[in-house]
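Quick note: the sequence shown uses my numbering, first residue 93, plus one each step. All residues carry an ideal CB built from backbone N, CA and C; glycine is no exception. Small disclaimer: the values here were computed from a predicted structure and weren't measured.
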Amino acid sequence: MEALIRRWRQLGVWLPVTFVAAVAALVVLGLGRFLSDAGVVVLITVITALGAGAFSSWIFRVLGQAQREMVQRARHLAAINEASLALSSELNLASVLQKVVDLSRAVTDARYGALAMVNEEGKIAEFLTSGLSREERERIGRPPEGKGLLGAVIQKGETLRIDRIADDPRSSGFPPHHPLMTSFIGLPIVYEGRIVGDLYLTDKSGGQPFTEQDEETLRTFAAHGAIAIENARLYHQVQDLAVLEERDRIGMDLHDGVIQSLYAAGLTLENCLEDLAQDPAEVQPQLQKAIQNLNQTIADIRSYIFNLRPRVLADTDLAGAVGGLLQELKVNALLDVQLIEEPGACQGLSEDQSTALFHVAQESLNNVRKHARASSVTAKLQRKDGIFRMTITDDGVGFKPKRSAGGQGLRNMRERVEALGGRFSVQSVNGRGTQLVVELALAMERKR
Ligand SMILES: Nc1ncnc2c1ncn2[C@@H]1O[C@H](COP(=O)(O)OP(=O)(O)OP(=O)(O)O)[C@@H](O)[C@H]1O
Ligand SMILES: [Mg+2]
């Protein structure tokens with residue numbers, strides 16, 4: 093546009109100057125010999141008037157054309173803006189793709205549009221259309237394979253603008269029941285140098301071919317489309333990740349909480365069986381305990397589903413809850429148990445921290461019951477210099493802890509603690525018991 097204005101400015105100066113110089117030359121060259129002075133003046137006036145008229149009609153024509161172009165450009169920009177706004181509100185990938193093709197038709201005034209999503213082998217994996225009814229699409233049958241003009245855009249990765257499809261040697265014709273199409277424009281949708289799809293528009297309204305301006309508009313819109321497509325893809329990925337994380341969490345809670353509680357209830361029932369013959373009076377309280385545990389487990393399952401805390405932590409603090417676990421161990425596994433809580437040790441633990449510590453204690457005490465063949469177990473809760481420490485020690489058979497080895501229990505414990513920025517360690521020597529230590533920074537101390 094700037095170059096055009098510069099050219100007009102030059103023409104506006106040079107045309108009148110040249111014109112006046114030409115007329116002066118005519119006079120000098122002898123017009124004066126054939127006409128009187130008044131005749132010369134009249135002639136020069138007439139020629140000047142005609143020249144000025146022609147010049148201004150030309151300049152107005154040029155200005156009119158420039159104005160039409162500017163109005164059209166503004167319309168295209170407004171259409172791109174509107175289309176991009178419509179795109180930005182969408183996060184569902186399928187809807188984004190359909191909107192890209194629908195809106196690209198709108199910004200270029202095209203009757204038909206299509207969007208090809210190409211796989212890594214360069215084949216069309218998905219083909220969306222716009223401007224065709226569902227019946228029309230069904231009648232056409234299978235989507236295109238990416239030969240002919242569509243394939244040319246895919247393979248070259250460049251824009252293709254054609255006035256008459258039928259005249260182009262690359263065109264492979266239309267299948268039966270396909271509407272006849274005339275003008276064509278196709279271009280790749282590029283995101284950070286990578287082609288994410290190919291966009292095709294046919295039949296500009298009014299039977300006109302697509303213009304350079306349409307090409308420019310479409311390219312700008314396609315850039316917005318690329319961002320919207322990538323955005324929707326990322327959103328999907330994040331959602332998938334969230335689902336996986338949630339699955340992991342539920343898996344951990346079931347392993348450390350529910351399964352262990354059911355295991356404990358099972359042990360109580362086993363004891364009942366044994367006592368039934370020898371000591372029937374003992375059975376009733378044990379059965380009551382097992383029922384109570386099962387009810388507690390049902391309540392816990394509900395809590396885990398909604399990512400709430402184990403029920404026991406609603407009624408007591410960490411020390412109380414760990415004390416309950418030890419008591420269960422004492423009754424069911426006949427172990428000597430000891431809880432050492434330094435005064436105020438559990439103060440300042442956040443809900444997430446107590447929940448994680450409770451699950452760690454639960455799994456570690458279950459490991460003692462399942463694997464240690466210990467006679468005693470101690471849980472120690474301490475707090476020093478803003479660090480809370482839980483130590484669980486047994487005097488059982490011990491094992492060789494390897495960071496990568498082990499079942500789900502050890503892995504879950506480590507993950508729970510590390511997710512809260514804490515430290516988890518297991519020390520064990522064959523035949524000499526096991527000691528498990530968890531350290532967490534207390535929130536109130538961290539703020540200081
Ligand atoms: N206190 C312990 N005393 C002796 N061996 C232990 C102790 N804790 C863990 N182990 C050993 O470490 C292994 C791994 O423990 P982990 O809790 O990860 O898995 P698991 O208890 O076998 O199975 P899961 O917990 O998945 O039901 C156990 O199989 C056991 O051999
Ligand atoms: Mg275990």
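* Among all the DSSP beta bridges, which residues are the ones paired with Val-460? -> What you label residue 460 is simply residue 368 of the sequence shown in a count that begins at 1. For Val-460, which the question treats as bridged, DSSP gives no partner whatsoever.
* Ordered list of alpha helix (DSSP H) runs contained in the region 350 to 433, each at least 4 residues -> Within the region 350 to 433, complete alpha helix (DSSP H) segments of at least 4 residues are found at 352 to 370, 372 to 397, 404 to 407, 410 to 425, given in chain order.
* Asked: How long is the line joining the alpha carbons of Leu-241 and Arg-262, rounded to whole angstroms?
  -> Here residue 241 is taken as the residue at index 149 of the sequence shown, counted from 1. Here residue 262 is taken as the residue at index 170 of the sequence shown, counted from 1. Looking at the two C-alpha atoms, the distance is approximately 6 Å.
* **Alpha carbon of Arg-253 to alpha carbon of Pro-235, nearest angstrom** => Counting from one through the sequence shown, the residue named residue 253 turns up at place 161. Counting from one through the sequence shown, the residue named residue 235 turns up at place 143. Cα to Cα, the separation comes out at about 22 Å.
* To do: For the beta strand (DSSP E) containing Glu-218, list its first residue and its last residue.
  => Here residue 218 refers to the residue found at position 126 of the sequence shown. Start and end: 216 to 222.
* Asked: Closest by CA to Asp-201, which one among Arg-231, Gly-490, Leu-310, Val-509?
  -> One-based indexing of the sequence shown puts residue 201 at position 109. Checking every option, the nearest Cα to that of Asp-201 belongs to Leu-310.
* Runs of alpha helix (DSSP H) lying entirely within the region 231 to 295, each at least 4 residues, in chain order -> Runs of alpha helix (DSSP H) with 4 or more residues, each lying fully within the region 231 to 295, are found at 240 to 248, listed in chain order.
* Where does Ser-148 sit, in a helix, a strand or coil, going by DSSP? -> Looking up residue 148 in the sequence shown gives position 56. Looking at Ser-148 - three-state DSSP - the assignment turns out to be helix.
* Asked: Can you tell me the Cα-Cα spacing of Ala-314 and Gly-299, whole angstroms?
  -> Indexing the sequence shown from 1 puts residue 314 at position 222. Indexing the sequence shown from 1 puts residue 299 at position 207. Going from the Cα of Ala-314 to the Cα of Gly-299 covers about 23 Å.
* To do: With a 10 Å radius around its C-beta and 16 neighbouring C-beta atoms as the bar for buried, classify Glu-213 as buried or exposed.
  => Numbered from its first residue, the sequence shown carries residue 213 at position 121. Burial call: exposed.
* Please determine, among Val-414, Glu-308, His-463, the residue with the shortest C-alpha to C-alpha distance to Ala-171. => On the sequence shown, residue 171 is found 79 positions in, with the first residue counted as 1. Ranked by Cα distance from Ala-171, the options Val-414, Glu-308, His-463 are led by Glu-308.
* May I ask you to report which of helix, strand or coil DSSP gives Gly-156? => By 1-based counting over the sequence shown, the position of residue 156 is 64. Gly-156 falls in the helix class under three-state DSSP.
* To do: Assign His-316 to buried or exposed, taking buried as 16 or more other Cβ atoms, counted over all protein chains shown, within 10 Å of its Cβ.
  => Translated into positions along the sequence shown, residue 316 becomes position 224. His-316 comes out buried.
* Any chance the CB of Gln-388 is under 8 Å from a heavy atom of ligand 2? -> What you label residue 388 is simply residue 296 of the sequence shown in a count that begins at 1. Result no, Cβ not under 8 Å from ligand 2.
* To do: Since I believe Phe-450 is in contact with Pro-402 (beta carbons under 8 Å), could you give me their beta-carbon distance rounded to a whole number of angstroms?
  => Residue numbering aside, residue 402 sits at position 310 when the sequence shown is read from its first letter. Residue numbering aside, residue 450 sits at position 358 when the sequence shown is read from its first letter. So it is a contact: roughly 6 Å between Cβ atoms.
* Asked: Excluding the five sequence neighbours on either side, which residues of its own chain have a C-beta within less than 7 Å of the C-beta of Asp-371, listed in chain order?
  -> Looking up residue 371 in the sequence shown gives position 279. Cβ-Cβ distances below 7 Å link Asp-371 to nothing in the same chain once the five nearest sequence neighbours on each side are left out.
* To do: Tell me where the alpha helix (DSSP H) around Ser-187 begins and ends.
  => Locating residue 187 in the sequence shown gives position 95, counting from the first residue. That run of the alpha helix (DSSP H) goes 185 to 200.
* Asked: Do the region 208 to 224 and the region 341 to 352 touch if we need at least three Cβ pairs shorter than 8 Å?
  -> No, the region 208 to 224 is not in contact with the region 341 to 352.
* Give me the Cα-Cα distance between Arg-197 and Phe-152, rounded to the nearest whole angstrom. => Indexing the sequence shown from 1 puts residue 197 at position 105. Indexing the sequence shown from 1 puts residue 152 at position 60. Each residue's alpha carbon lies about 33 Å from the other.
* Taking Ile-71 as the reference, give the member of Gly-233, Val-288, Phe-302 with the closest Cα. => With the chain represented from 93 up to 540, any question about residue 71 goes unanswered, as that position is not in the structure.
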